[in-house]
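J.: Residue numbers (the working numbering): 93 to 374.
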Amino acid sequence: MTHLIYSDTACQLGEGALWHPETQVLYWCDILGKRLYARDAQGQRHWDFDRMVSAAGWIDDTRLLIASESDLFSFDTATATQTHICPLEADNQVTRSNDGRADPWGGFWIGTMGKAAQLGAGAIYRFYKGTLRLLYPDITISNAICFAPGGAYAYFADTPTGIIRRVTLDQEGWPAADPEDWLDLRDEQLRPDGAVCDGQGNVWNAQYGAGRVACYSPDGRFLTALGVAAAQTTCPAFGGADLSTLFVTSAAQGAAGNDPLAGQTFCVPTSVRGLAAHRVVL
93 MTHLIYSDTA
103 CQLGEGALWH
113 PETQVLYWCD
123 ILGKRLYARD
133 AQGQRHWDFD
143 RMVSAAGWID
153 DTRLLIASES
163 DLFSFDTATA
173 TQTHICPLEA
183 DNQVTRSNDG
193 RADPWGGFWI
203 GTMGKAAQLG
213 AGAIYRFYKG
223 TLRLLYPDIT
233 ISNAICFAPG
243 GAYAYFADTP
253 TGIIRRVTLD
263 QEGWPAADPE
273 DWLDLRDEQL
283 RPDGAVCDGQ
293 GNVWNAQYGA
303 GRVACYSPDG
313 RFLTALGVAA
323 AQTTCPAFGG
333 ADLSTLFVTS
343 AAQGAAGNDP
353 LAGQTFCVPT
363 SVRGLAAHRV
373 VL
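(1) According to DSSP, is P352 part of a helix, a strand, or is it coil?
(2) With three or more beta-carbon pairs closer than 8 Å as the criterion, would you say the region 259-266 touches the region 231-247?
(3) Sorted by chain position, which residues of the same chain lie with C-beta nearer than 7 Å to T175's C-beta, five sequence neighbours on each side aside?
(4) Please confirm whether H370 and G108 have their CB atoms less than 8 Å apart.
(5) If we count the other Cβ atoms within 10 Å of its Cβ and call it buried at 16 or more, is E264 buried or exposed?
(6) Taking C-alpha atoms, which residue in A344, G243, I216 lies nearest to G291?
(7) Please classify P361: does DSSP put it in a helix, a strand, or coil?
(8) Should the region 281-301 be called in touch with the region 316-325, which here means at least 3 C-beta pairs below 8 Å?
(9) Among the residues of its own chain, which have a CB less than 7 Å from the CB of V372, if the five just before and after it don't count?
(10) Can you look up R171 in the DSSP assignment and give me helix, strand or coil?
(11) On the three-state DSSP scale, how would you describe P271?
(12) Identify the residues that DSSP records as bridge partners of D122: which are they?
(13) Please list the terminal residues of the continuous beta strand (DSSP E) segment that includes T216.
(14) Using a beta-carbon distance below 8 Å, is V364 in contact with chain C?
(15) Judging by CA-CA distance, which residue of T232, W120, G293, A347 is the nearest neighbour of G206?
(16) Starting from P284, trace the beta strand (DSSP E) both ways and give me its first and last residue.
(17) For R225, count the other beta carbons within 10 Å of its own beta carbon; 16 or more makes it buried, fewer makes it exposed. Which is it?
(18) Please state whether DSSP places P386 in a helix, a strand or coil.
(19) At what residues does the beta strand (DSSP E) containing P328 begin and finish?
(20) Tell me which residues share the same chain as R188 and place their Cβ nearer than 6 Å to its Cβ, disregarding the 5 neighbours each side in the sequence.
(21) For Y217, which of L211, I202, D276 has the nearest alpha-carbon?
(22) At which residues does the beta strand (DSSP E) containing Y245 begin and terminate?
(23) Note down the Cα distance separating G214 from T362, rounded to an integer number of angstroms.
(24) Could you give the residue range of the beta strand (DSSP E) that holds P229?
(25) Since L367 and C307 should fall inside the 8 Å C-beta cutoff, what is the C-beta to C-beta distance between them, to a whole number of angstroms?
(26) For the region 150-210, list the beta strand (DSSP E) runs that are entirely contained and at least 3 residues long, ordered along the chain.
(27) From P179, G286, T253, pick the residue whose C-alpha is nearest to that of G106; which is it?
(28) Quick one, which of R131, A133, S146, R127 has its alpha-carbon nearest W139's?
(29) Taking DSSP's pairing of strands, which residues face L318 in a bridge?
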């Protein structure tokens, strides 16, 4: 197991790993802790919010688009200023945001879920050119949102189904067909959590409860798996100066007693190069 602890802060529910390609900062969220973290060569800092936050995309050097349990907002890390952008199921007290990632067109896909993982309570949306549009309703735990190089496909999962789905995208990044089952993990009893694509189009999927991030080729073949010393892995992101380091968040809530590093954030050197996170265009 070749990994390092990037942050020994134990998150209740670490999520939303994002490497800012221009400032060389790793951001991640503790959803249940209502906190955003950042770490770079100068050290670690954090910001607290009055609501749960789960995922982010970068807008410029200091501003992030952040998904919360009730809205999308921009957040300036230099001034700690929040600017409301649009509601996100604000009238539904049952749900919160979960997995999300910027797409190659400057849009942002964001999933929701029930705060108690209620069956079918969540959905997946796309924010694009100032508008939030529902893509897929009846999602229990939204996860694995990522995009193939060039934007030919989007991937996503409803974690309890054990299946990662793939959908063809049109020239503006909207689904152009019905989603298809791309990877079925049910026989292995694996739970797909967050995912990210590398530069070759392989999908790296954090598998909650398995203590690993597994890599699959574009045709769904298993290639390799990288282990980390926390069972409840949640979200990977490629980063580092050459985008060859895989950062992985994890969750402490519900961890077993023999999982002492649960909730910490890890970095794993790889032999591949990831894709730079896309900029969100407001």
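The beta carbon of each residue, even a glycine, is placed where N, CA and C say it ideally should be.
T.: Taking the definition as stated:
(1) coil
(2) yes
(3) Excluding positions up to five away in sequence, the list reads F165, S166.
(4) At least 8 Å separates the beta-carbon of H370 from that of G108.
(5) exposed
(6) G243
(7) strand
(8) By the Cβ criterion, the region 281-301 is in contact with the region 316-325, since at least three pairs of Cβ atoms, one from each stretch, lie closer than 8 Å.
(9) So the list reads G149, W150, I151, L157, A194, G198, F200, once near-sequence residues are dropped.
(10) Reading the sequence as shown, one finds Thr at residue 171 and not Arg. T171 falls in the coil class under three-state DSSP.
(11) coil
(12) According to DSSP, which records beta bridges pairwise, D122 is partnered with G106, R127.
(13) It should be noted that the sequence gives Ile, not Thr, for residue 216. That run of the beta strand (DSSP E) goes 214-220.
(14) No chain C appears in the structure shown, which is made up of a single protein chain.
(15) T232
(16) 284-289
(17) exposed
(18) Since the first and last residues shown for the chain are 93 and 374, residue 386 lies out of range.
(19) 325-331
(20) The beta carbon of R188 lies closer than 6 Å to those of M144, E161, K207 in the same chain, with the five residues before and after it left out.
(21) Closest by alpha carbon: I202.
(22) 245-250
(23) 34 Å
(24) 223-231
(25) Contact flag wrong, Cβ pair sits at about 14 Å.
(26) 155-160, 163-168, 173-179, 187-194, 200-206
(27) G286
(28) R127
(29) For L318, the pairing in a beta bridge is given by DSSP as V305.
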